[in-house]
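The block underneath contains the structure these notes are about, expressed in structure tokens.
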Amino acid sequence: MASNQTDLLIQTVMNEATRLGDFLAGLDESAWSRDSACEGWVIGDVVAHLAGGAATWANSINHAVAGDSGPPEGQEFMAPGQRGSEGTAEAARSSHQQFGMQLMENFRTGYAG
């Protein structure tokens, strides 16, 4: 992908993350406990997943740039055909329970660029 296309894609993602962050920041604590469009997840779980995903992705990119092609710290490569859905969901729920609305700071930091 050409640099200007990459820059445009990055800027688009950043803009959408900002818009989503603004929307989420307007929700009160009770809204975070409402069901989301993701079956079995409440809104706070989704926010935790997005915040954690941004941090994991950024960490993975930094490791790759440094020449480390291994999995994220504390994780292992998955076998072909293996899915990480259950672990991902559990991590999101746990993070939501532990940090609650403080996750907004993590979300904003993760997508700050």
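All you need for the numbering used here is the position in the sequence shown, starting with 1, plus 406.
In this text, a Cβ means the ideal position worked out from N, Cα and C, and glycines have one as well.
- When DSSP states are grouped into helix, strand and coil, Asp441 belongs to the strand group.
- It is roughly 17 Å from the alpha-carbon of Ala437 to the alpha-carbon of Glu511.
- The beta carbons of Trp447 and Arg489 sit no closer together than 9 Å.
- Boundaries cannot be given for Met484, as no alpha helix (DSSP H) includes it and DSSP labels it neither H nor E.
- Inter-residue distance for Asp451 and Ala495 is about 8 Å (C-alpha atoms, whole angstroms).
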